[in-house]
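In this note's numbering, the protein residues as written are 127 to 357.
Heads up, the thing below is written out as structure tokens.
Dropping the structure here:
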């Protein structure tokens, strides 16, 4: 009976050691593994090849992707044609500087809490909506500028004014507020005292005053006038 007990004890001890050794040892498999269930890894998972996922990859809250050591984390740098980050009305936060080397566009609000600077010596700012300057409650919807022309016109008697249409003001509509500047082609006796857009697109109405300083009646003639329009 003692021999049986001793043999059973020895078998149990060997079995336990074998299982314990199996539990803590690592295993290298050179073939594919396919499972219809879940794969749970409680420790660190080190993958040296390409990771292909057939569905979404989810990460618990407060966790994220990172590189193993200091360097660049690349996202969508090989085959991706577009990258979508977050969904509608989800706030995306960049805690450090953001550098964009190509074109960037936004269809929603874009706000900068600090200064927005550029190292470019020249460039364009384009918007499909309105532009509101800092400390201003008025949005700018459009700016146009150029020159318009007055055809051979009627005389203006001394110390009086007359109204003339300046045509060819490309882009000006009735919603623009316009500012004009005379060129050297205008007689020294004449002063533009008022300007306004008209219901006719591309036409600015000017009020021109004849000071009469060097004579009597004067006609503006065929002249050009610089304009600047904002709406």
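All C-beta atoms, glycine included, are put in the ideal place defined by N, C-alpha and C.
Provide the residue(s) that pair with residue i in DSSP beta bridges, ordered along the chain.
i, result
"residue 217", "Beta-bridge pairing links residue 217 to no other residue."
"residue 290", "332"
"residue 257", "266"
"residue 308", "351"
"residue 282", "344"
CB residue i to CB residue j, shorter than 7 Å?
i, j, result
"residue 321", "residue 304", "yes"
"residue 287", "residue 349", "no"
"residue 317", "residue 289", "no"
"residue 274", "residue 255", "no"
"residue 300", "residue 325", "yes"
"residue 220", "residue 271", "no"
"residue 296", "residue 328", "yes"
"residue 269", "residue 356", "yes"
Check for me: the beta strand (DSSP E) holding residue i runs from which residue to which?
i, result
"residue 318", "316 to 323"
"residue 354", "349 to 356"
"residue 272", "269 to 276"
"residue 191", "Residue 191 -> no beta strand (DSSP E), and no H or E assigned at all."
Compute the beta-carbon to beta-carbon distance between residue i and residue j, rounded to the nearest angstrom, for a pair I have assumed lies under 8 Å.
i, j, result
"residue 332", "residue 306", "7 Å"
"residue 347", "residue 281", "Not a contact, Cβ separation roughly 10 Å."
"residue 338", "residue 315", "7 Å"
"residue 211", "residue 218", "6 Å"
* Just checking, does the stretch 258 to 272 make contact with the stretch 219 to 236 on the three C-beta pairs under 8 Å criterion? -> As far as the Cβ criterion goes, the stretch 258 to 272 does not touch the stretch 219 to 236, which means the pair count is below three.
* To do: Inspect the CB distances between the stretch 177 to 186 and the stretch 196 to 203 and report whether three or more fall short of 8 Å.
  => Contact between the stretch 177 to 186 and the stretch 196 to 203 is absent, with fewer than three C-beta pairs closer than 8 Å.
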